[in-house]
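Undergrad:
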Amino acid sequence: MTYKITSADFKACVVNKDALPNDSLPVLVLVGRSNVGKSSLINSLTGRKELARTSSMPGKTLTINYYLINNEFYIVDLPGYGYAKASKVTRQKIQSMMDGFFMECKNMKGVIQVVDCRHDPSALDLQMSEWIRAQRFNGFLVLTKADKLSNQQLLKMQKRILPHFRGIFPVLYSSKNNTGQDDFLNAALKLLAGTPLINYDLKDTKKPVSDRSRSKLKEQSDNSSKPLNQSAAKTPRASSDVSKRKRRNPRFKKKNYDGEPRKNKQIDSK
Ligand SMILES: Nc1nc2c(ncn2[C@@H]2O[C@H](COP(=O)(O)OP(=O)(O)OP(=O)(O)O)[C@@H](O)[C@H]2O)c(=O)[nH]1
Ligand SMILES: [Mg+2]
Numbered sequence: 053m054t055y056k057i058t059s060a061d062f063k064a065c066v067v068n069k070d071a072l073p074n075d076s077l078p079v080l081v082l083v084g085r086s087n088v089g090k091s092s093l094i095n096s097l098t099g100r101k102e103l104a105r106t107s108s109m110p111g112k113t114l115t116i117n118y119y120l121i122n123n124e125f126y127i128v129d130l131p132g133y134g135y136a137k138a139s140k141v142t143r144q145k146i147q148s149m150m151d152g153f154f155m156e157c158k159n160m161k162g163v164i165q166v167v168d169c170r171h172d173p174s175a176l177d178l179q180m181s182e183w184i185r186a187q188r189f190n191g192f193l194v195l196t197k198a199d200k201l202s203n204q205q206l207l208k209m210q211k212r213i214l215p216h217f218r219g220i221f222p223v224l225y226s227s228k229n230n231t232g233q234d235d236f237l238n239a240a241l242k243l244l245a246g247t248p249l250i251n252y253d254l255k256d257t258k259k260p261v262s263d264r265s266r267s268k269l270k271e272q273s274d275n276s277s278k279p280l281n282q283s284a285a286k287t288p289r290a291s292s293d294v295s296k297r298k299r300r301n302p303r304f305k306k307k308n309y310d311g312e313p314r315k316n317k318q319i320d321s322k
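If you read the sequence shown in the working numbering, its first letter stands for residue 53, the second for the next number, and so on.
1) Rounded to whole angstroms, how far is the Cβ of Ala-240 from the Cβ of Leu-80, which I believe are closer than 8 angstroms?
2) Quick one: Cα of Lys-228 to Cα of Asn-74, how far?
3) Use the C-beta contact count for Pro-215: other C-beta atoms within 10 angstroms, 16 or more gives buried, fewer gives exposed.
4) Which one or two residues does DSSP pair with Ile-220 in a beta bridge?
5) DSSP puts Ala-64 in a beta bridge; with which residues?
6) Counting only runs of 3+ residues fully inside the stretch 77 to 134, write out the beta strand (DSSP E) ranges in chain order.
7) Report whether the distance from the Cβ of Thr-106 to the nearest heavy atom of ligand 2 is below 7 angstroms.
8) Within 8 angstroms, do at least three Cβ pairs link the stretch 94 to 105 to the stretch 137 to 152?
9) Is it the case that the CB of Lys-200 approaches a heavy atom of ligand 2 more closely than 7 angstroms?
10) Using DSSP bridges, identify the partner residues of Asp-168.
11) Less than 8 angstroms separating the beta-carbons of Val-167 and Pro-173?
12) Could you give the DSSP three-state label for Gly-162: helix, strand or coil?
13) Taking the Cβ atom as the reference point for each residue, do Ile-213 and Leu-195 lie within a distance shorter than 8 angstroms?
14) By alpha-carbon positions, which one of Gly-132, Phe-62, Pro-288 ends up nearest to Arg-185?
15) Thinking just about the alpha-carbon of each residue, which of Lys-200, Phe-125, Leu-178, Asp-70 is nearest to the one in Ser-76?
16) Less than 7 angstroms separating the Cβ of Thr-113 from some heavy atom of ligand 2?
17) Alpha carbon to alpha carbon, how far is Asp-199 from Tyr-135? Give it in angstroms, no decimals.
18) By alpha-carbon positions, which one of Met-160, Asn-203, Lys-208 ends up nearest to Leu-243?
19) Using a 10 Å radius around the Cβ and a threshold of 16 neighbouring Cβ atoms, would you call Asn-122 buried or exposed?
20) Would you kindly report the start and end of the unbroken alpha helix (DSSP H) that includes Ala-240?
21) Can you tell me the Cβ-Cβ gap for Ile-127 and Leu-72, rounded? I've got them flagged as a contact below 8 angstroms.
22) With a Cβ-Cβ cutoff of 8 angstroms, do Ser-86 and Tyr-133 count as a contact?
23) Please determine whether the Cβ atom of Asn-123 lies at a distance below 7 angstroms from any heavy atom of ligand 1.
24) On the CB-based measure, 16 or more other CB atoms within 10 Å of its CB, does Ala-245 come out buried or exposed?
25) I'd like to confirm the pairing. Which residues does DSSP put opposite Gly-191 in its beta bridges?
26) From Val-67 to Phe-192, what distance separates their C-alpha atoms?
27) In chain order, what residues of the same chain have a beta carbon less than 8 angstroms from the beta carbon of Val-141, not counting five sequence neighbours either side?
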């Protein structure tokens, strides 16, 4: 029998780790690039169009938002990473808020990483995935915006994306037409039950990262991820890989940026 969401309530909007709900309900958290569709996913799952605020402009969610599902568990919506237009101060605030969240959240049952099925993962996506593994979290991967590709393109993109996220259970999702809900909820129930959905024993089958991504990753990891304490390291920076790209590439057109990788990273329409 499929699990149904019968109630969903906005429970808390938190900016300070000391204000996190301190009940014992389990927590599942959504992480992903800004504008990838984390908040829309919550609205789609719960059938409540305006429960979580969404926007076509990246950087909509800037706080830690708790949604209580069926009075049984929380889904937490976090600010996205890679939002270019946020000021340095805002990015630092978000960074320390997220670090605090991961350090203080006692009932974390899983980290659900959301990526856009149309694009190769960004350097920050890969860094987040590595960080999730380094923390030995349980979780799964959501490939969202599935409605934007044909079935053939979806297959092609899954073949390209999944090797980067080795051993993690994938769910294909569309918040526009609500496909993938059962798969998402079944995977979420497994996380709540403590069933591992990341295979940590699997050997690295990841495709080699391109030289450009590798140097980006190095740049980012040189700047971040110093352990805060033994149980938690800093989350990957909510820094702007886009502004670095802009600096490097004078032909970068600002108007092209909608929070997603550039067109040349996108699936070719052949
Ligand atoms: N077609 C389609 N559009 C989607 C889907 N999911 C999200 N969107 C659109 O993508 C845009 C961003 O969605 P959000 O849910 O606000 O993204 P977010 O990840 O919460 O963004 P931040 O709050 O900035 O981190 C909105 O215009 C949504 O309507 C999807 O599955 N299909
Ligand atoms: Mg959001």
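Where a beta carbon is used, it is the ideal one built from N, C-alpha and C, also for glycine.
It should be emphasised that the depicted structure is a prediction, and the values quoted were computed from it without experimental measurement.
TA: Let's see:
1) 6 angstroms
2) Each residue's alpha carbon lies about 33 angstroms from the other.
3) exposed
4) Ile-250
5) Tyr-118
6) 79 to 84, 116 to 121, 125 to 129
7) yes
8) No: the two stretches stay apart, fewer than three of their Cβ pairs being nearer than 8 angstroms.
9) Flag unset: Cβ of Lys-200 not near ligand 2.
10) Thr-196
11) yes
12) Reduced to three states, the DSSP call for Gly-162 is strand.
13) In this structure, Ile-213 lies near Leu-195, with their beta-carbon atoms less than 8 angstroms apart.
14) Pro-288
15) Phe-125
16) yes
17) 24 angstroms
18) Met-160
19) exposed
20) 233 to 245
21) Not really, about 14 angstroms apart at Cβ, beyond 8 angstroms.
22) yes
23) Flag unset: Cβ of Asn-123 not near ligand 1.
24) So Ala-245 counts as exposed.
25) Val-163
26) 25 angstroms
27) Same-chain partners within the cutoff: there are none.
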